[in-house]
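Q: My numbering runs 243 ahead of the 1-based position in the sequence shown.
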Amino acid sequence: MTAFIDVKYVPGRFRKAYSKTGVLSVAGVDCLEFSLELPEKARARRIARYFDRWAKELKTMGIVDVILKNGSQCKKELLAKGFKEHDNGFMMLSKSGEIAYRASCKHDSVFLSAENADRMSVEIFNKLCDRFRYIVLEAPDYAERVFMEAGSKYGVSPSMLKKDRVVKADCAIFLSNPKGPTFLSAGCVYFAPFGCGDLVFGGTPINKINLSFPERYRKEIPEGYNAVDVLTWLYNIGRIAPEEIIVESATP
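(1) Below 8 Å on the Cβ atoms is my contact criterion, and I expect L506 with M244 to pass it. Report the Cβ-Cβ distance as a whole number of Å.
(2) Unbroken alpha helix (DSSP H) runs of length 4 or more, entirely within the segment 303-328: which are they?
(3) Measure the beta-carbon distance from F277 to I248 and round it to whole angstroms, keeping in mind my assumption that it falls under 8 Å.
(4) So within the segment 244-298, which uninterrupted beta strand (DSSP E) runs reach at least 3 residues, ignoring any that extend past its ends?
(5) Tell me the rounded alpha-carbon separation between V262 and M304.
(6) Considering just the uninterrupted stretch of the beta strand (DSSP E) at N453, what are its terminal residues?
(7) So C439 and P421 are in contact, right, with Cβ under 8 Å, and what is the actual spacing, rounded?
(8) Can you name the residues that DSSP bridges to C372?
(9) Can you give the Cα-Cα distance for F456 and K318, rounded to whole angstroms?
(10) Rounded to the nearest angstrom, what separates E366 and F437 at their Cα positions?
(11) Please work out which residues of its chain come closer than 6 Å, Cβ to Cβ, to C372, disregarding the five sequence neighbours upstream and downstream, and give them in chain order.
(12) Count the other CB atoms, across all protein chains shown, that sit within 10 Å of the CB of F444; report buried if there are 16 or more and exposed otherwise.
(13) Could you tell me how far apart the beta carbons of I416 and V353 are, in whole angstroms, since I believe they sit closer than 8 Å?
(14) With distance defined between alpha-carbon atoms, name the residue in A323, K284, S339 and K327 nearest to L418.
(15) Can you tell me which of the three DSSP states I464 falls into?
(16) Which of the three DSSP states is assigned to P485 in this structure?
(17) By the 10 Å Cβ neighbour count, where 16 or more other Cβ atoms means buried, how is D273 classified, buried or exposed?
(18) What residues match up with Y377 in a beta bridge as DSSP calls it?
This is how it looks when you write it as structure tokens:
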């Protein structure tokens, strides 16, 4: 279960801390709503005891994932207790093909680095075949065969990265860390949803990505909570399908 949490300090030192729990329904999914008020001038040790107690209570209720309200305080203290915020990595991964297309100026050639050929990687590869004329590929031998077969359905035969590891392409996608130092041409932009280590040289990372979500889900966002945080959670639990998310723009 996911908890929507609001933590704030209130004036005072000797007043008691106050907590309130309730049930919140978001897009048909029941969540825990947890509000926490802490005396503003309470000693650090006292605050730590509060968090120890409340963290134990939340974990007893099966809470692992949390969404923090805008302006919520003590974020580090909460996360230090083992709670996690929803990561948008897999959502961004699923949109890699569209991101590459939006960020590329010529839509001519693209480089893809992948350590395996799982379902998601092949879907991304298929989208690249549908949007670019040429694909340069780096993948293990078994994965290379899978990608070659997938590309044949689009009339695309990807070429493999050469030994000099110089990438001449409009755009590059790193689904995993490259196998070795990789050199991108000056005009190449690149996207790495989970990072690409320190082996990529040259090129320009794609940092500004604008996504559009279904309007019906935007109406479900509780007041005061960040839209991206809530929509990422809905995607991660399967409430929003990847095809419902549209990449409006992607730029360095």
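A virtual CB, placed ideally from N, CA and C, is assigned to each residue, including glycine. In this text the structure is predicted, and so the values were computed from the model without any measurement.
A: Answer, in terms of the structure:
(1) Shown here, the chain extends from 244 to 495; a query on residue 506 therefore has no answer.
(2) 318-323
(3) Position 34 of the sequence shown, counted from the first residue, corresponds to residue 277. Position 5 of the sequence shown, counted from the first residue, corresponds to residue 248. Going by Cβ atoms, the distance from F277 to I248 rounds to 5 Å, so yes, they are a contact pair.
(4) 245-253, 261-269 and 272-282
(5) Walking along the sequence shown from the start, residue 262 turns up at place 19. Walking along the sequence shown from the start, residue 304 turns up at place 61. It is worth fixing the name first, because residue 262 is Ser in this sequence and not Val. The straight-line gap from Cα to Cα measures roughly 15 Å.
(6) Reading the sequence shown from its first residue, position 210 is the one you call residue 453. Residues K451 to S455.
(7) The residue labelled residue 439 in the question sits at position 196 within the sequence shown. The residue labelled residue 421 in the question sits at position 178 within the sequence shown. Between P421 and C439 the Cβ distance is about 7 Å, and since that is below 8 Å, they are a contact.
(8) Start at 1 with the first residue of the sequence shown, and residue 372 comes out as number 129. In DSSP, C372 forms no bridge with anything.
(9) Along the sequence shown, one-based indexing puts residue 456 at 213. Along the sequence shown, one-based indexing puts residue 318 at 75. Cα to Cα, F456 sits roughly 26 Å from K318.
(10) On the sequence shown, position 123 is the one that residue 366 refers to. On the sequence shown, position 194 is the one that residue 437 refers to. Approximately 17 Å between the Cα atoms of the pair.
(11) Taking the sequence shown and counting its residues from 1, one reaches residue 372 at position 129. So the qualifying residues of the chain are G394, Y397 and V399.
(12) Taking the first residue of the sequence shown as 1, we reach residue 444 at position 201. By the 10 Å Cβ count, F444 comes out exposed.
(13) Within the sequence shown, the letter at position 173 stands for residue 416. Within the sequence shown, the letter at position 110 stands for residue 353. With a Cβ gap of about 7 Å, I416 and V353 count as contacting.
(14) In the sequence shown, the residue the question calls residue 418 occupies position 175. Looking at the Cα atoms, S339 is the closest of the given residues.
(15) Your numbering for residue 464 matches position 221 in the sequence shown. If DSSP states are grouped into helix, strand and coil, I464 belongs with coil.
(16) Against the sequence shown, residue 485 aligns to sequence position 242. Helix.
(17) Here the question's residue 273 lines up with position 30 in the sequence shown. The residue is exposed, with fewer than 16 neighbouring Cβ atoms inside 10 Å.
(18) Working through the sequence shown from its first residue, we reach residue 377 at position 134. S352.
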